[in-house]
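*Asks:*
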Amino acid sequence: MLTHISISNYTIVAALEIDFARGMTVITGETGATYKFNTIPDEMLLDADAGLVYFSTLPESERLYILDIASGAFTFHRLREGGRDFIPVDIALGEDDNVFTLLFDPLYELEENGPAEEGLWMGVFNPEGDPVSPAIPLLSPVRIEYDPVRRHVFLATESNLVTFEFDPLTSGLTFVPGTDIAVGSGCTDFSISPDGNRLAYSCPAGNERTPSTAIVDMDPLEYYNTDGKWILENAPVSAVLDQSGKVLIATDGIKLYFFDVSTHLLHSSYSLGLSEG
25 MLTHISISNY TIVAALEIDF ARGMTVITGE TGATYKFNTI PDEMLLDADA
75 GLVYFSTLPE SERLYILDIA SGAFTFHRLR EGGRDFIPVD IALGEDDNVF
125 TLLFDPLYEL EENGPAEEGL WMGVFNPEGD PVSPAIPLLS PVRIEYDPVR
175 RHVFLATESN LVTFEFDPLT SGLTFVPGTD IAVGSGCTDF SISPDGNRLA
225 YSCPAGNERT PSTAIVDMDP LEYYNTDGKW ILENAPVSAV LDQSGKVLIA
275 TDGIKLYFFD VSTHLLHSSY SLGLSEG
C-alpha cells in the first residue's frame, strides 16, 4: 500500500509501506516507484483510495496538478472562482473527492478595497476542478486540514487555529465561535488524528505560554483542554498523526521521532543526517 510521497528535484517518489519492525521507508530510502515531471512539485496531497496525488508546483502557477499513481499520467485543473484565477497554497482532502484548498490571488493588489487584504482565500473544488461553493477571504493562513469525522475544516496560521463546520449537503462553511485563538508562535505544521479527537500543532516555541520543545495533545474544540504532550529534544518543526491513530511521527529538523499517541512516550528516534539549516 502506498503511504508516503516525497519530492526530489523534479521527481515524485512513491514509497511502499514496510513493516514497522523492519524500518520505515523514510529511514531506509526504499522506494516503490518514480514519476518524472517537468517542474518542481511543492505542496502534495495523497488520496490513497483513489490512487491520486494532488500537488502544486514551484514556480507557482494557477494550476492544481494530479498524478494517477497506477498509470503514471499527469493532468491539471485551473482553479477559477468568482472571476479570479488562484494559485493553490495548501490542499486537504474533503468528501466525495472534493478538495479544500488555500488559495492566493496574484492580482489582488489590483482589486482596490477587495475582500481579501492579503489575497488569500479558502475554496472547495470537485475532482474536475470546478468550485462547489464561493471562496471565502482569509487572513494569514499557512495550512488547511479537514476532519471527516466531525466535518470540521481547520485553518492554521503561524499562531492561531480556526475551525469551520462543513455541510456536505450545501457545501457551506460556518465559523465555530471561540476557536480563533492563539495556541503557539511561528507555527509550521498541523495534523488531526483519524478519529478527530486529537490535534498536533507544531510550533517552534511549543504550544504553551512559555517556550517549550513539546507538541501539546489538544482537543479539537477546546484547544487548551489537553491530554498531555509529546516532548522532542529541540524545537518542533513538523508532525503527523499516522493513519492508525496510534503513532505520532515528528521532527525537529535534526531527528525523526516516533511517539505512542495515547501515552505520549517515545518509541524511537533517528538522526536525519541533514546538513545544518
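Going left to right, the sequence shown walks through residues 25 to 301 as this note's numbering numbers them. Don't be surprised by glycine CBs; every beta carbon is placed ideally from N, CA and C. Note that the structure is a prediction, hence the values are computed from the model and not measured.
Check whether the Cβ atoms of L185 and L162 sit closer than 8 Å, and answer yes or no.
*Replies:* Position 161 of the sequence shown holds residue 185. Position 138 of the sequence shown holds residue 162. In this structure, L162 does not lie closer than 8 Å to L185 by Cβ.
*Asks:* Taking the beta strand (DSSP E) that F283 belongs to, which residues open and close that run?
*Replies:* Along the sequence shown, one-based indexing puts residue 283 at 259. Taken as a continuous stretch (DSSP letters only), the beta strand (DSSP E) holding F283 covers K279 to D284.
*Asks:* Locate the beta strand (DSSP E) running through V113, then write down its first and last residues.
*Replies:* Position 89 of the sequence shown holds residue 113. V113 -> beta strand (DSSP E) spans R108 to L117.
*Asks:* Count the other CB atoms within 10 Å of the CB of E169; is the residue buried (16 or more) or exposed (fewer)?
*Replies:* Mapped onto the sequence shown, residue 169 falls at position 145. So E169 ends up on the buried side.
*Asks:* Let me know the secondary structure DSSP gives Y89 once reduced to three states.
*Replies:* Looking up residue 89 in the sequence shown gives position 65. Y89 falls in the strand class under three-state DSSP.
*Asks:* Using DSSP with H/G/I as helix, E/B as strand and the rest coil, what is Y247?
*Replies:* Position 223 of the sequence shown holds residue 247. Reduced to three states, the DSSP call for Y247 is coil.
*Asks:* Expressed to the nearest angstrom, what Euclidean distance is found between the alpha-carbon atoms of T187 and Y294?
*Replies:* By 1-based counting over the sequence shown, the position of residue 187 is 163. By 1-based counting over the sequence shown, the position of residue 294 is 270. Looking at the two C-alpha atoms, the distance is approximately 34 Å.
*Asks:* Can you give the beta carbon distance from T81 to I93, rounded, assuming they're within the 8 Å contact cut?
*Replies:* Counting from 1 along the sequence shown, the entry for residue 81 is found at position 57. Counting from 1 along the sequence shown, the entry for residue 93 is found at position 69. That pair is no contact at about 18 Å.
*Asks:* Among the candidates S164, C227 and D284, whose CA atom is the shortest distance from the CA of D251?
*Replies:* The sequence position of residue 251 within the sequence shown is 227, counting from 1. Looking at the Cα atoms, D284 is the closest of the given residues.
*Asks:* Under 8 Å between the Cβ atoms of L103 and E119?
*Replies:* Stepping through the sequence shown from its first residue, residue 103 is reached at position 79. Stepping through the sequence shown from its first residue, residue 119 is reached at position 95. Contact flag unset, no.
*Asks:* Based on Cα-Cα distance, which residue from P218, V156 and P165 lies nearest to R175?
*Replies:* Taking the first residue of the sequence shown as 1, we reach residue 175 at position 151. Out of P218, V156 and P165, P218 has the C-alpha closest to the C-alpha of R175.
*Asks:* Check this for me: beta carbons of L69 and I111, under 8 Å apart or not?
*Replies:* For this step, residue 69 is matched to residue 45 along the sequence shown. For this step, residue 111 is matched to residue 87 along the sequence shown. In this structure, I111 does not lie closer than 8 Å to L69 by Cβ.
*Asks:* Can you tell me whether L193 is helix, strand or coil according to DSSP?
*Replies:* Here residue 193 is taken as the residue at index 169 of the sequence shown, counted from 1. Coil, per DSSP.
*Asks:* According to DSSP, what are the bridge partners of S262?
*Replies:* As a position in the sequence shown, residue 262 is number 238, starting the count at 1. Paired residues: T275.
*Asks:* Tell me whether D154, by its Cβ, gets closer than 7 Å to a heavy atom of the ligand MG.
*Replies:* Among the components of this structure there are no ligands whatsoever, and the ligand MG is therefore not found.
*Asks:* Check each candidate in L272, L296 and I273 and name the one with the smallest Cα separation from K279.
*Replies:* For the purposes of this step, residue 279 is taken as the residue at position 255 of the sequence shown. Of L272, L296 and I273, the residue nearest in Cα terms is L296.
*Asks:* If contact is defined by three or more beta carbon pairs under 8 Å, each pair taking one atom from either stretch, is the segment 220-230 in contact with the segment 189-206?
*Replies:* In short, these stretches do not touch, since the Cβ pair count stays below three.
*Asks:* Hey, could you find the ends of the beta strand (DSSP E) T58 is sitting in?
*Replies:* Within the sequence shown, numbered from 1, the residue matching residue 58 stands at position 34. Start and end: A57 to K60.
*Asks:* What residues match up with E152 in a beta bridge as DSSP calls it?
*Replies:* Counting from one through the sequence shown, the residue named residue 152 turns up at place 128. Paired residues: none, contrary to the question.
*Asks:* Just to confirm my understanding: we take G153, look at its own chain, exclude 5 residues before and 5 after, and list those with CB closer than 7 Å. What are they?
*Replies:* On the sequence shown, residue 153 is found 129 positions in, with the first residue counted as 1. Once the five neighbours on either side are set aside, the close Cβ partners of G153 are L88, H101, R102 and L103.
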